[in-house]
Amino acid sequence: MYSSKDVALTVEKLLKRLEVEKDGLVLVHESDGFDPFYSKIILDGIQSHMKEGTVCVFGDCEFNSDVLVKDMVPYISNQERLVLSSGKMMQLMTLQQECIYVTHPSLMIATAGKFSRYFGRPTEMDFPYGSHSVFTDFYDLNATLILVGDVLELFEAKFAYATLDHHVIRKTACLKDKSVMTYLDIVPNYARIHDLVFNSKLLLYEQLDGQHIYGVKYRDFIDYLKEVL
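Counting from 96, one number per residue, gives the positions in the sequence shown under the numbering used here.
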């Protein structure tokens, strides 16, 4: 196991390679299989680097969708939903007083920093990854995307489908305040996205005890997927 200092240095090295500005925006998506100790040190390192900027951490953005199929009605409260769909880093974010959630109930994104209140503004129910969503903001602000481990379901990639003519749309449902809310959403092919991203030369990475931390500019990530999907 690496020391906390080694982990912090690894994170800082990747952020420098990605030319992440201290007042910029970083999106963090953590895989389930990453070591919890490393998760804390990585998040601490990113937030330490981003003292003048904004950090957004993704949880499970598929948990609160297709709720009728999952038969969750009406057993899941808002607080229970937050707990069940939060990964390790996101749970750490909830301990921070300034933490704000993106408001669309199907999106599990915690944010802290100078843009957090803007990202927490009310948004339309339909197309939470569409042209009027926070993902447009992430793209326009040229956020840096950090993938902690081998992330299988790249929710953030759904924004690439929004501008394509051949994407599939479905009507689905999520829970909020124990009520069912229906909305339109894009249907992704997560397996194909994973193969396209991780088998490309798109990602920079650093190794950490046999695992990898990846990074890419979100704009480059989306532009690449628009070309190959």
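C-beta atoms are modelled at their ideal positions from N, C-alpha and C, and glycine is treated no differently. The model shown is predicted, which means the values in this text are computed figures rather than measured ones.
Taken in chain order, the unbroken stretches of alpha helix (DSSP H) that lie wholly in the stretch 249-313 and span 4 residues or more are 253-256 and 285-293. In the three-state scheme derived from DSSP, where H, G and I count as helix and E and B as strand, residue 153 is classed as strand. When the Cα atoms are used, residue 198 and residue 215 turn out to be separated by approximately 6 Å. Partner residues in a beta bridge of residue 189, as assigned by DSSP, do not exist. Residue 171: not part of any beta strand (DSSP E); DSSP gives it neither H nor E. Looking at the DSSP output, residue 122 shares a beta bridge with 151 and 240.
Put simply, of 184, 247 and 200 the residue whose alpha carbon is nearest the alpha carbon of residue 130 is 184.
Residue state for residue 234 is assigned as helix, using DSSP reduced to three classes.
With respect to residue 277, residue 160 sits apart: the two C-beta atoms are not nearer than 7 Å. Bridge partners of residue 207 according to DSSP: 150. Between residue 239 and residue 115 a beta carbon distance of about 5 Å is seen, short of the 8 Å cut, so the two are scored as contacting. Secondary structure of residue 133 (DSSP, three-state): helix.
Secondary structure of residue 196 (DSSP, three-state): strand.
Per the C-alpha coordinates, the member of 257, 163, 220 and 218 positioned closest to residue 234 is 257. Cα atoms of residue 296 and residue 310: separation of roughly 11 Å, rounded to the nearest angstrom. With a beta-carbon spacing of about 5 Å, residue 156 and residue 203 fall inside the 8 Å limit used to define contacts. Rounded to whole angstroms, the Cβ separation of residue 182 and residue 125 is 5 Å, and the two are in contact under 8 Å. Just so you know, the alpha carbons of residue 286 and residue 293 end up roughly 11 Å apart. Exclusion of the five residues before and after residue 99 leaves 136 as the residues of its chain whose Cβ lies within less than 6 Å of its Cβ.
The stretch 160-180 and the stretch 97-113 do not touch, with fewer than 3 CB-CB distances between them shorter than 8 Å. The residue among 251, 223, 118 and 243 with its C-alpha nearest the C-alpha of residue 305 is 243.
The beta carbon of residue 320 lies closer than 6 Å to those of 252 and 255 in the same chain, with the five residues before and after it left out.
Rounded to the nearest angstrom, the gap between the Cα atoms of residue 153 and residue 186 is 10 Å. With contacts defined by Cβ atoms closer than 7 Å, residue 101 and residue 148 do not form a contacting pair.
A Cβ-Cβ separation of about 18 Å leaves residue 259 out of contact with residue 289 under the 8 Å criterion.
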